[in-house]
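Q:
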Ligand SMILES: [Zn+2]
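Numbering (my numbering), first residue to last: 154 to 433.
1. Taking the alpha-carbon of residue 280 as reference, which of 411, 424, 423 has the nearest alpha-carbon?
2. Taking just the CA atoms, how far does residue 275 sit from residue 420?
3. Does the Cβ of residue 167 lie closer than 7 Å to at least one heavy atom of ligand 1?
4. Could you pull the DSSP bridge partners for residue 281 from this structure?
5. So residue 187 and residue 167 are supposed to be a Cβ contact under 8 Å. How far apart are they, rounded?
6. Span of the beta strand (DSSP E) holding residue 253?
7. What is the residue span of the beta strand (DSSP E) that residue 308 lies within?
8. Spatial neighbours of residue 353 within its chain, please: C-beta separation below 6 Å, excluding the five flanking residues on both sides.
9. Which residues count as close to ligand 1 when the rule is a CB under 6 Å from any of its heavy atoms, in chain order?
10. Beta-carbon within less than 6 Å of residue 300's beta-carbon, same chain only, minus the 5 sequence neighbours each way: which residues are those?
11. Would you kindly report the start and end of the unbroken alpha helix (DSSP H) that includes residue 210?
12. Residue 403 lies in the beta strand (DSSP E); which residues open and close that run?
13. Look up residue 332 in the DSSP assignment and say whether it is helix, strand or coil.
14. At a cut of 8 Å, does the stretch 318-330 reach the stretch 389-402 through at least three beta carbon pairs?
15. Helix, strand or coil for residue 220 per DSSP?
16. In terms of residues, what are the limits of the beta strand (DSSP E) holding residue 158?
17. Checking 8 Å against the spacing of the C-beta atoms, do residue 160 and residue 209 come in under that value?
18. Out of 383, 399, 361, state which residue places its alpha-carbon closest to the alpha-carbon of residue 417.
19. Considering only their Cβ atoms, is the gap separating residue 316 from residue 329 smaller than 8 Å?
20. So is residue 334 buried or exposed if we call it buried at 16+ other beta carbons inside 10 Å?
21. DSSP on residue 185, reduced to helix/strand/coil?
22. Is there contact between the stretch 227-244 and the stretch 173-182, where contact requires at least three CB pairs shorter than 8 Å?
23. Report yes if the C-beta distance between residue 409 and residue 375 is below 8 Å; otherwise report no.
24. Determine the closest residue to residue 222 out of 243, 185, 311, 296, with distance taken between C-alpha atoms.
25. So residue 255 and residue 307 are supposed to be a Cβ contact under 8 Å. How far apart are they, rounded?
26. Please report the distance separating the alpha-carbon of residue 400 from that of residue 240.
27. Which first and last residues belong to the alpha helix (DSSP H) in which residue 417 is found?
28. Give a yes or no on whether the C-beta atoms belonging to residue 297 and residue 367 are separated by under 8 Å.
29. Under 8 Å, do residue 164 and residue 309 count as touching if we go by C-beta distance?
30. With which residues is residue 325 paired in a DSSP beta bridge?
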């Protein structure tokens, strides 16, 4: 049994503020240890359930967060951000399951802790066939193209609700409750890690219950940016249509193409956002 794990940071127990998740920020070094420990908890649960191979993808920000020598020695780790499948790198058709550890709610979804979709400052919302799509849904649909089900999601109560709404049958492990976008009521790290380990073991123990998530085809990807300038930049990509002053869309029967296009547009947004001056 081969298992893929995509590990983000905003949904880790104890993490609540942008100062917890940004390289060089005051609490980052502490919080990356919590992230590594939650990853290990999921990995342990996988091996307890009989996994033969576990591939971990570092999926947060720089994608250089996990402390490799502190990871379970049985895992293989994808480190680095230049990868066409982004948060789902390392996944392949011969994986039996994927897990989302440390995930967070979509941009604008209730008061989810650190809610955002891919690029917090630039993206107001992403939609697949007019339904809101956070990272959870975007990535689950990517796994669906390979026939791989998402069997576990961990994070706050809001992303756990998002997981149940989107995926139906999934082990949703709530490690904190959202009080505000920047405030959380967290379990103690030890308790959170126990819950993730048990959730992973339970999920793989009933693997036959899960089905891969797919979106309707053809699929229309729409991105609402915060800046008209980014929408104008994206319009330069052949096939991308400007459908509002801040919105662009693209339709394809090939979801992998859409997913890769989204990553290209996010790179454009990052280059536009690199301007040194602000005007407020
Ligand atoms: Zn993240």
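Glycine is no exception: its CB is placed at the ideal position from the N, C-alpha and C atoms.
A: Checking against the coordinates, here is how it stands:
1. Of 411, 424, 423, the smallest CA-CA separation from residue 280 is found for 411.
2. Cα-Cα distance, rounded: 11 Å.
3. No, since every heavy atom of ligand 1 falls outside the 7 Å radius drawn around the Cβ of residue 167.
4. According to DSSP, which records beta bridges pairwise, residue 281 is partnered with 284, 374.
5. Confirmed, about 5 Å.
6. Residue range 250-256 is occupied by the beta strand (DSSP E) that includes residue 253.
7. Unbroken beta strand (DSSP E) run through residue 308: 303-309.
8. Contacts found: 195, 198, 199, 305.
9. With 6 Å as the limit, the residues whose C-beta approaches a heavy atom of ligand 1 more closely than that are 161, 162, 163, 213, 214, in chain order.
10. Excluding residues within five positions, the ones whose Cβ falls inside 6 Å are 365.
11. Premise fails: residue 210 lies in the beta strand (DSSP E), 206-211, not in any alpha helix (DSSP H).
12. Taken as a continuous stretch (DSSP letters only), the beta strand (DSSP E) holding residue 403 covers 400-405.
13. In this structure, residue 332 counts as strand in the three-state DSSP scheme.
14. No, they do not touch.
15. Residue 220 falls in the coil class under three-state DSSP.
16. Element bounds for residue 158: 155-160.
17. In this structure, residue 209 lies closer than 8 Å to residue 160 by Cβ.
18. Of the listed residues, the one whose Cα sits closest to residue 417 is 383.
19. No; because the gap between Cβ atoms is not below 8 Å, this pair is not in contact.
20. Around the beta carbon of residue 334, 16 or more other beta carbons sit within 10 angstroms, so the residue counts as buried.
21. Residue 185 carries a helical assignment under DSSP once its states are collapsed to helix, strand and coil.
22. Contact between the stretch 227-244 and the stretch 173-182 is absent, with fewer than three C-beta pairs closer than 8 Å.
23. Judged by beta-carbon spacing, residue 375 lies beyond the 8 Å limit of residue 409, meaning their Cβ atoms are not closer than that value.
24. The shortest CA-to-CA distance from residue 222 to any of 243, 185, 311, 296 is the one to 185.
25. Rounded, the Cβ-Cβ distance is 7 Å, consistent with contact.
26. One C-alpha to the other measures close to 23 Å.
27. Note, residue 417: alpha helix (DSSP H), 408-426.
28. Their beta carbons are under 8 Å apart, which means residue 297 touches residue 367 by this criterion.
29. In contact: residue 164 and residue 309 (Cβ atoms closer than 8 Å).
30. Note: residue 325 sits in a beta bridge opposite 306.
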